[in-house]
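Student: Under our numbering, the first residue of the sequence shown carries the number 356, and numbering increases by one thereafter.
Beta carbons are placed, not taken as given, at the ideal position from N, Cα and C, and that holds for glycine.
Got a structure for you, written out below as structure tokens; questions coming shortly.
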Amino acid sequence: MVAIVRVKESIGTPVEKSVEPAMGNDIIPHDRYISKDFMKLEWERMWSKVWLIGCREEEIPEVGDYITTEIGEESVLIVRGEDNVPRALYNVCNHRGNRVKFDSCGNARTLQCAYHFWEYDLTGKLVFVPDEEDFQQGCPPEKLSMKPIRTETWGGFVWFNLNPDCEPLSEFLGVIPEHLDPYRLGNMAMTMDVTVEWDCNWKASVDAFNEVYHVQGIHPELCYTIDDVDVQIDLYERHNRYLVPFKTHSPRMGELEEVPEGLAQELHAIGMNPDDFRGRVPEIRRAVQVYKRANEAKLGYDYTRLNDDQLSDDYHYYIFPNITMNVHAESMLFFRQRPHETDPDKMYFDVRMFQMVADGKQRPPLPDHEQCKHGERSLGLVLDQDSVNLPHVQKGMHSESFQGLWIRDQERRIRHMHKTLMDYINGHYANDA
Ligand SMILES: [Fe+2]
């Protein structure tokens with residue numbers, strides 16, 4: 356068995372180990388996953404205070420294009436203005452409280468409420484009220500315009516923050532842009548866009564993707580295409596990552612003479628011959644890196660900003676509180692975990708796939724957004740395996756006998772998420788601006 360060798364290069368995403376914060380070994384209380392009181396605290400002190408992803412810039416390419424996105428009980432409307440700048444607004448008409456837009460996306464010259472035709476411009480300013488003279492108190496735009504929400508862009512995403520006094524997005528993201536800019540995420544195009552309602556707390560989903568301890572139990576097939584043991588974990592101020600070697604297999608499987616079927620398919624897909632690696636299976640990961648580097652023009656990609664490990668591995672980033680990114684040289688599997696409006700036992704899982712668009716090539720058309728409940732649609736084998744498991748985790752969280760999460764070292768991204776969460780709950784970030 357050849358141990359995983361990691362790059363020490365200076366190009367690409369930094370690979371240095373982070374300094375580990377002291378986090379202790381306490382049980383993580385289960386009531387954080389099931390309590391309505393804790394859910395309320397999360398909203399007041401965390402969800403309404405953090406930067407969140409609203410949409411992709413490519414979803415609103417033209418002036419007047421808008422999308423709506425829900426977080427908790429709020430609906431946020433993101434619209435591209437006459438000045439080409441995307442703006443997030445509370446999606447509420449200040450006449451009688453109606454949603455200004457009910458649909459998930461569209462294009463509008465002005466934002467007109469369907470109820471009584473109150474009309475706002477693309478910055479949210481109230482510009483027309485039918486029969487305005489009949490309001491004895493008047494209709495002052497400074498009082499009645501759609502309330503603006505702090506908005507910034509990074510990585511091809513439009514971000515918003517419900518806290519008007521929040522820190523700039525770059526401060527919130529910390530090391531993330533330096534780490535992920537080499538991937539040129541803005542050049543990736545969305546190819547799948549599905550929202551599934553899951554019967555678990557949003558944190559149970561975040562947890563499931565922040566550790567590989569469950570791979571051997573839930574995803575036995577992955578043991579033949581990834582190394583779930585030699586995984587580098589880095590914890591930053593609020594966010595974290597792990598670097599998972601792909602194009603190899605789990606050391607739990609012992610030594611393999613034959614190239615496993617899953618790996619063979621991955622080699623075929625890029626024009627390599629699996630038969631060349633019979634008896635040399637541990638050499639595949641490095642060979643893939645060398646092959647891709649030498650054949651980038653043929654493969655249609657530009658790898659110059661990435662280190663060799665990035666050509667084979669999954670650089671897996673968690674951006675607090677709810678973004679999971681499996682980033683690869685040519686693609687990204689992206690999850691956004693959103694809480695249910697009122698029920699801590701439910702959540703919305705937004706799964707989006709992205710594909711790199713080669714320089715000079717046209718973006719493919721946006722996929723239709725699909726919304727469904729658990730079990731109504733397959734998300735592919737691996738995500739189906741996770742989604743079958745999670746409702747059972749949530750049920751166990753309610754058991755009288757269960758005290759909380761008993762976390763091993765390799766699962767410490769979960770502990771780190773809870774540290775950040777409790778920092779928000781305890782007011783550590785309250786005076787950011
Ligand atoms: Fe999983």
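Specify the secondary structure class of histidine 329 as computed by DSSP and reduced to three states.
Tutor: Any property of residue 329 remains undetermined from this structure, which presents the chain solely from 356 to 788.
Student: Isoleucine 573 and glutamine 717 - do their beta-carbons sit closer together than 7 Å?
Tutor: No.
Student: Could you tell me the alpha carbon to alpha carbon distance between valine 418 and aspartate 476, rounded to whole angstroms?
Tutor: About 12 Å.
Student: On a Cα-Cα basis, can you pick out the residue from Arg770, Gly782, Met547 that is closest to alanine 563?
Tutor: Nearest option by C-alpha distance: Arg770.
Student: Could you tell me if the beta carbon of aspartate 582 falls within a distance shorter than 6 Å of some heavy atom in ligand 1?
Tutor: No, Cβ of aspartate 582 sits at least 6 Å from all heavy atoms of ligand 1.
Student: Go through its chain and collect everything with a Cβ distance to aspartate 548's Cβ below 6 Å, but skip five positions before and after it.
Tutor: Correct list, in chain order: Arg707, Pro722, His724.
Student: Note down the Cα distance separating glycine 367 from glutamine 665, rounded to an integer number of angstroms.
Tutor: Going from the Cα of glycine 367 to the Cα of glutamine 665 covers about 8 Å.
Student: I think valine 561 touches asparagine 677, with their Cβ atoms under 8 Å apart; what is that distance to the nearest whole Å?
Tutor: Sure, about 7 Å apart at Cβ, within 8 Å.
Student: Just grab the DSSP bridge partners of leucine 598 for me.
Tutor: Answer by DSSP bridge pairing, in chain order: Gln587, Tyr670.
Student: Thinking C-alpha only, which one of Glu364, Asn781, Glu414, Glu766 is nearest glutamate 566?
Tutor: Measuring from the Cα of glutamate 566, the nearest candidate turns out to be Glu766.
Student: Quick check: is any heavy atom of ligand 1 less than 6 Å from the C-beta of isoleucine 573?
Tutor: Isoleucine 573: yes, Cβ under 6 Å from ligand 1.
Student: Quick one: is the Cβ of aspartate 739 within less than 6 Å of any heavy atom of ligand 1?
Tutor: Aspartate 739: no, Cβ never under 6 Å from ligand 1.
Student: In terms of DSSP beta bridges, what is serine 686 paired with?
Tutor: DSSP, once it has assigned bridges, lists Gln710 as partnering serine 686.
Student: Leaving aside the five residues before and after lysine 363 along the sequence, list all residues of the same chain whose C-beta is less than 8 Å from its C-beta, in chain order.
Tutor: Closer than 8 Å at Cβ, skipping near neighbours: Val370.
Student: In the DSSP assignment, what residue or residues form a beta bridge with methionine 547?
Tutor: Partner(s): Met708.
Student: Lysine 372 and proline 699 look like a contact to me (Cβ under 8 Å); what is the Cβ gap, rounded to whole Å?
Tutor: About 35 Å separates the two Cβ atoms, so there is no contact after all.
Student: Suppose you measure from the CA of tyrosine 445 to the CA of proline 519; what does that come to, to the nearest Å?
Tutor: Spanning the two alpha carbons is a distance of roughly 12 Å.
Student: Which same chain residues, not among the five before or five after valine 586, have their C-beta less than 6 Å away from its C-beta?
Tutor: Result list for valine 586: Val567, Tyr597, Val599, in chain order.
Student: Are the CB atoms of valine 636 and leucine 654 nearer to each other than 7 Å?
Tutor: Going by C-beta atoms, valine 636 is not nearer than 7 Å to leucine 654.
Student: If the criterion is Cβ atoms closer than 7 Å, does the pair glutamine 644 and aspartate 663 meet it?
Tutor: Cβ distance < 7 Å, so glutamine 644 and aspartate 663 count as in contact.
Student: Would you list the residues sitting across from aspartate 420 in a DSSP beta bridge?
Tutor: DSSP lists Asn462 as partners of aspartate 420.
Student: As a quick exercise: from Trp473, Arg442, Asn462, Gly461, pick the residue whose alpha carbon is nearest that of asparagine 453.
Tutor: Nearest of Trp473, Arg442, Asn462, Gly461 to asparagine 453, Cα basis: Trp473.
Student: What span of residues does the alpha helix (DSSP H) with glycine 510 cover, start to end?
Tutor: Glycine 510 -> no alpha helix (DSSP H), and no H or E assigned at all.
Student: Given methionine 752, which residues of its chain have a CB within under 8 Å of its CB, disregarding the five upstream and five downstream residues?
Tutor: Here the set comprises His385, Tyr388, Ile389, Asn556, Ala559.
Student: Got a sec, what are the start and stop residues for the beta strand (DSSP E) glutamate 725 sits in?
Tutor: Element bounds for glutamate 725: 725-728.
Student: Cα separation between glycine 427 and aspartate 631?
Tutor: About 53 Å.
Student: Can you tell me where the beta strand (DSSP E) with glycine 409 in it begins and where it stops?
Tutor: 407-411 is the span of the beta strand (DSSP E), which, as asked, contains glycine 409.
Student: Between the Cα of arginine 768 and the Cα atoms of Asp589, Leu481, Gln726, which residue gives the shortest distance?
Tutor: Arginine 768 has its Cα closest to that of Asp589, out of Asp589, Leu481, Gln726.
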